[in-house]
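Take a look at the structure below.
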Amino acid sequence: MLHTLSVAARAHTNIALIKYWGKRDDVLYLPTSTSLSLTLDSLYTDTRLTFDNKAKKDSLHLAGEKQDDASTAKVSRVLNLFRERYGCADAPAVRVDSHNHVPTAAGLASSSSGFAALAFAARALFERAYPDEPHMSDTELSTFARRGSGSATRSIFGGFVEWSYGTGSQDSVAVPLDNADWDVAMVVAAISTQHKKISSTYGMKHTAATSAFYSLWRQASQQDLEAVRAGIASRNIDAIGAAMEANCMKFHATMFAANPPFTYMTSKSLQVIEFVQALRDEGLSAYFTMDAGPNVKILCRRSDQDQLHERLSAAFPEITLFDAVPGDAPELLDAAQWSELYG
Ligand code: 2P0
């Protein structure tokens, strides 16, 4: 009864404190440096996979809308890795239904939650269908999420998570560092939820190939990583924040030094950054980071989150703010939960 088998999962997005920006292997999605992130609770993707033995090909539906061949091919590429792993090249086609609770493609990392939810649900689907194959650990699972999108590797765990450089595909994996069940939170200032002009995949390739600062970035990022790790170990938000900001600025500097140069920063992003710096001068522990888009993510104490939100909202009434606390690892959703949410 494979054709009736259906599994759904929820995975949360993550924000990099130490950035991933470049692949040393474009097929295996091996990074040029180790990155480190915080998984967020309130931004996530729900994905249901159903074996569809009437269909010849996998299909992808985002918020009910059938997606084009290029988007579907990315999903099939990951599903094919599961078909290989579970020794079932002839497994039925899979219908993928996905709902993003993350503004898509606005530097808010919907691909991290998207591919983590896909991989998490796929493991459950294939383990139910092919129970004789060896169990796939979360660590191994993170290598499957990685093949969909690099940042998805880290969304296989909750809290603070590292994605190791590794020596190859087997050990370039997610490593949970700390469940972040302490006084830490983020406020996301969503400056634009428009589709970005330069994709992360292209942006990192262009930067790695042409930036005068790229080799310096890789060396310096390792030092920032060690400072963030030490800050997490001592639960010191100021130490984490300072190293996170430094890493963010170096990451954006690589793009200023690319040929031709480009940036994801906008004048509004810089206004928010200046505002965060001014709040810090007043004594609030608030630190910014930015990814491949204009939005600014602000790390703070959980106990200061309301205050930070109010100050940002008063200064920038036109910007949508999302409050987030540390999120958990992905979870399965049962059929009743799915139908209550999506009908
Ligand atoms: C990160 N970003 O560490 C970095 C920082 C954006 C800036 O991972 O090509 O969608 O699919 O592996 O994961 C966004 O890039 O790129 C990203 P692919 P991905 O979060």
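Reading the sequence shown from the start, the letters are residues 5 to 347 in my numbering. We put the beta carbon where it would ideally sit given N, CA and C, even for glycine.
Exercise. Using DSSP with H/G/I as helix, E/B as strand and the rest coil, what is PHE161?
Worked result: coil
Exercise. Cα separation between LEU325 and HIS256?
Worked result: 22 Å
Exercise. Starting from ASP337 and walking both ways along the beta strand (DSSP E), at which residues does that stretch end?
Worked result: Looking at the sequence shown, residue 337 is not Asp but Leu. That run of the beta strand (DSSP E) goes 335-337.
Exercise. Comparing the CB of THR17 with every heavy atom of the ligand 2P0, is any distance shorter than 7 Å?
Worked result: no
Problem set entry | Reduced DSSP category for THR324 - H, G, I as helix; E, B as strand; rest coil | strand
Exercise. If you compare alpha carbons, which of ALA246, MET208 and LYS272 is closest to ASN263?
Worked result: Of ALA246, MET208 and LYS272, the residue nearest in Cα terms is MET208.
For this session: Taking only heavy atoms of the ligand 2P0 into account, decide whether any of them is closer than 7 Å to the Cβ of ASP101.
Result: no
Problem set entry | Among ILE22, GLY172, TYR134 and ASP136, nearest to MET294 - alpha-carbon criterion | ILE22
For this session: Give a yes or no on whether the C-beta atoms belonging to ALA15 and THR49 are separated by under 8 Å.
Result: yes
For this session: Taking only heavy atoms of the ligand 2P0 into account, decide whether any of them is closer than 7 Å to the Cβ of ASP295.
Result: yes
Problem set entry | Local Cβ density within 10 Å of VAL31, reported as buried at 16 or more and exposed below that | The residue is exposed, with fewer than 16 neighbouring Cβ atoms inside 10 Å.
For this session: Please specify which runs of the beta strand (DSSP E), each continuous and at least 3 residues long, are wholly inside the segment 150-206, giving them in chain order.
Result: Here the runs fully enclosed are 164-167, 178-182 and 189-194.
Problem set entry | Residue-level contact to chain B via CB, GLY207, 8 Å cutoff | Note that chain B does not occur in the displayed structure, where there is just one protein chain.
For this session: Please report the Cβ distance between PHE124 and PRO334, rounded to the nearest whole angstrom; I am assuming they are in contact, meaning their Cβ atoms lie under 8 Å.
Result: 4 Å
For this session: Please classify ALA340: is it buried, with 16 or more other beta-carbons within 10 angstroms of its beta-carbon, or exposed?
Result: exposed
Exercise. By DSSP, does THR17 sit in helix, in strand, or in coil?
Worked result: Strand at THR17.
Exercise. Does the ligand GTP have a heavy atom nearer than 7 Å to the CB of ALA262?
Worked result: In terms of ligand content, the structure shown lacks the ligand GTP and carries the ligand 2P0 instead.
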